[in-house]
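Top to bottom, those sequences are chains A and B. Taking our numbering, I'd label the letters of the first sequence as residues -12 to 215. Taking our numbering, I'd label the letters of the second sequence as residues -11 to 283. Using N, Cα and C, we set each Cβ at its ideal position, and we do this for glycine too. To start, the structure under review is shown below, and the notes come after it.
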Amino acid sequence: MIHMTGVSKVYSNGSVALSDIHVDIEKGDFVFVVGPSGAGKSTFIKLIFREELPTHGQLVVNGRNVTNMPPSEVPYLRRGLGIVFQDYRLLPEKTVYENVAFAMRVIEAPRREIQKRVNSVLDLVGLRDKCRSFPNQLSGGEQQRIAIARAIVNSPVVVIADEPTGNLDPETSWEIMKIFERINKAGTTIVMATHDKTIVDTMRKRVIAIERGRIVRDQMKGVYGYED
Amino acid sequence: MKIRTVEYFVREAVVSLRRNGLMSFASVSTVALSLLILGIFLILVLNLNNMASMLESQVQITVYLNDGLSDLEMRETGTRISKMQGVSQVMFISKDEAMERFKDRLGDQQSLLTALGDTNPLPNAFEVKVDRPERVKSTAQAISQLHGVENAKFGQEVIEQLFTLTKMVRIFGLILIVFLALAALFIISNTIRLTVFARRKEIGIMKYVGATDWFIRWPFLIEGMILGFGGALIAVVILGQTYSAITQQIYASMAFLPLIPENPFIHNISLMLVLVGTAIGALGSTISLKRFMKV
Ligand SMILES: Nc1ncnc2c1ncn2[C@@H]1O[C@H](COP(=O)(O)OP(=O)(O)OP(=O)(O)O)[C@@H](O)[C@H]1O
Ligand SMILES: [Mg+2]
């Protein structure tokens, strides 16, 4: 699903965010990416959806070679991915329903399918009854659930999330994680960068630890491994 | 592309236009002003050109022959002239005919002629017409080299002055037009920049969920094109009304002025202005998108 071979990322200002990364993530995996601040977790995530290009090495995502992918193909790579950010990134002037439907509209999905899918993912995140609300009428946790609904509405094979619970209290974070778990059970690969020790230690999924741009640990049923 | 998608693009464009009401208004006005001036200069230049070439096509070369040529020699010169490239008509005017014409022109002042007695000082001549106005000068020069030709004359100065005037109007107009087109381009790309800025979040999300660059671009392109088209439309209406009023006025009072008739002249110019306006709009959008959104 995601294969990195000797991948490095050096930003244009010279800062080395990742070096010589070897990783294979298979379909259905649930992976936490952990590590100290500035270790390179976000960079790792950004490489997967080609927000950034690797400086060296080979990166294959979903059968597509990202390293030498022409820009015109990037949208099609991203249609196979669902992306969730720490800050939700919902459109404030659109309703909940429209925010989710938007992701299908812009890839020109058929109208009837849009209605069906949007309602079904809103059910999945438990917010169908809020479909006419606007984002600023929702709590942070609810907004993040909408963002997740948007990320999965196009049935991606991989969901990547950069600290999706970073702005949420512990209880709300658990609601979010339950949704991820449910999505993962349905066969979707999940890659999530996080600082949340409790979540990682409780869920016991695969853990990839990055320090100063290098993978220092890749552990099945792993733990967080750092003191907060 | 699906109809529904096109609908979506147009709806998004119109929403933006309304959101940036003031800038949209400024853009449309600038485009209208620029295209209005472009149109005025086009009409002016084309009319001047038209006048010049009409005058030229009426211009003939008068070839005065030396005295004392035999009929044969004169006929030979005439044949040579008519064989020259571009010469369309050669007419012989004998000294006697020339005198008749001169008398006609003098009218009731025939008494002036008594001083001449029976002598006729006017030379034999040819009147020569050429097929293309640009040929007048060179043909006249070639003819004056021929055997038996005293000199060959045409209404050189008027035409050359008219041409100089046209050229000046053309250069001045061109500079002004380039300047105004740049101004229109600048203001449209700024308007679109505001739109792009207002929607940068939306654009970012579109990119994350896999919208193609063209899908993202179209609403902005359409917005720019609507601005350009709207401005052009205003310019075209003003120009059409004004030209029609002016031609009517001139036909009534100064019928000799050869103005280009309104149809299809103004239609063609209008079509061109609308195309140029729309293109300026599209270009302005493209500049903004490239610079500020990298799409
Ligand atoms: N756009 C950029 N340009 C230059 N350097 C960058 C850029 N983005 C990140 N970096 C650098 O790359 C390194 C890794 O950054 P990254 O954001 O991947 O860390 P992180 O593990 O996500 O940190 P955090 O836990 O604080 O989010 C850091 O040293 C950072 O300063
Ligand atoms: Mg980060």
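Query, Result
"Got a sec? Which residues, its chain only, sit under 7 Å from G27 (chain B) by beta carbon, not counting five neighbours each side?", "A223, L227, I257, L261"
"Under three-state DSSP, which class holds I94 (chain A)?", "coil"
"Under 8 Å from any heavy atom of ligand 1, does the C-beta of Y(-2) (chain A) make it?", "yes"
"Compute every distance between the C-beta of E150 (chain A) and the non-hydrogen atoms of ligand 3, then say whether any falls below 8 Å.", "No copy of ligand 3 appears in this structure; the ligands present are ligand 1 and ligand 2."
"To the nearest angstrom, report how far apart A128 (chain B) and G143 (chain B) are at their CA atoms.", "11 Å"
"Answer with buried or exposed for W206 (chain B), where buried requires no fewer than 16 other C-beta atoms within 10 angstroms of its C-beta.", "buried"
"Is S126 (chain A) close to chain B, meaning its C-beta is less than 9 Å from at least one C-beta of that chain?", "no"
"Could you give the C-beta distance for P62 (chain A) and G198 (chain B), rounded to a whole number, given that I count them as a contact under 8 Å?", "4 Å"
"Can you round the beta-carbon distance between T5 (chain B) and E211 (chain B) to whole angstroms, since I take them to be within the 8 Å contact cut?", "The question names Thr, yet the displayed sequence has Leu at residue 5 (chain B). Right, their Cβ atoms sit about 6 Å apart."
"Identify the continuous alpha helix (DSSP H) that holds D188 (chain A) and give its terminal residues.", "184 to 190"
"Quick check: does the Cβ of A180 (chain A) come within less than 8 Å of any heavy atom belonging to ligand 2?", "yes"
"Compare the C-beta of F203 (chain B) with all C-beta atoms of chain A and state if any pair is closer than 9 Å.", "yes"
"Checking contacts by CB at 9 Å: is P23 (chain A) closer than that to chain B?", "no"
"At least one CB of chain A closer than 9 Å to the CB of M317 (chain B): is that the case?", "Since the displayed chain B opens at -11 and closes at 283, residue 317 (chain B) lies outside it and no answer follows."
"Can you confirm whether A292 (chain B), when its beta carbon is compared against all beta carbons of chain A, has any partner nearer than 9 Å?", "In this structure chain B extends from -11 to 283, so residue 292 (chain B) is not present and cannot be described."
"Suppose contacts are defined by Cβ-Cβ distances below 9 Å. Is S126 (chain A) in contact with T159 (chain A) by that definition?", "yes"
"Report yes or no: is there a C-beta of chain A within less than 9 Å of the C-beta of E190 (chain B)?", "yes"
"Distance, Cα to Cα, T30 (chain A) vs E198 (chain A)?", "12 Å"
"V194 (chain A) to E162 (chain A), Cα distance in whole Å?", "20 Å"
"Taking any Cβ of chain B, which residues in the region 134 to 150 of chain A have a Cβ under 9 Å from it, in chain order?", "R137, A138, V140, N141"
"For the putative contact between L168 (chain B) and G272 (chain B), defined by C-beta atoms under 8 Å, what is the C-beta separation to the nearest angstrom?", "Actually they are not in contact, since the Cβ atoms of L168 (chain B) and G272 (chain B) sit about 13 Å apart, beyond 8 Å."
"Here's the rule: buried if 16 or more other CB atoms are within 10 angstroms of the residue's CB, otherwise exposed. What is V146 (chain B)?", "exposed"
"Along chain D, in chain order, which residues have C-beta atoms closer than 7 Å to that of E95 (chain A)?", "Here the protein chains are A and B, and chain D is not one of them."
"V137 (chain B) and T65 (chain B) look like a contact to me (Cβ under 8 Å); what is the Cβ gap, rounded to whole Å?", "7 Å"
"For the region 29 to 53 of chain A, which residues have a beta carbon sitting closer than 8 Å to at least one beta carbon of chain B?", "F36"
"Closer than 9 Å, CB to CB, is S59 (chain A) near chain B or not?", "yes"
"According to DSSP, simplified to helix, strand and coil, what is S99 (chain B)?", "helix"
"Report yes if the C-beta of F19 (chain A) is less than 8 Å from at least one heavy atom of ligand 1; otherwise report no.", "no"
"What are the residues in the region 81 to 94 of chain A lying within 8 Å of chain B by C-beta distance?", "F89, A90, R92, V93, I94"
"Is the beta carbon of K28 (chain A) within less than 8 Å of some heavy atom of ligand 2?", "yes"
"Under a Cβ-count criterion, where at least 16 other Cβ atoms within 10 Å of its own Cβ denotes burial, should F89 (chain A) be classed as buried or exposed?", "buried"
"Taking a contact to mean a Cβ-Cβ separation below 9 Å, would you say Y196 (chain B) touches I133 (chain A) in this structure?", "no"
"Determine which residues of the region 60 to 72 of chain A have a Cβ less than 9 Å from any Cβ of chain B, and write them out in chain order.", "V61, P62, Y63, L64, R65, R66, G67, L68, G69, I70, F72"
"Using 9 Å as the limit for Cβ to Cβ distance, is L78 (chain A) near chain B?", "yes"
"Quick one: does the C-beta of A4 (chain A) sit closer than 8 Å to a heavy atom of ligand 1?", "yes"
"According to DSSP, is G66 (chain B) helix, strand or coil?", "helix"
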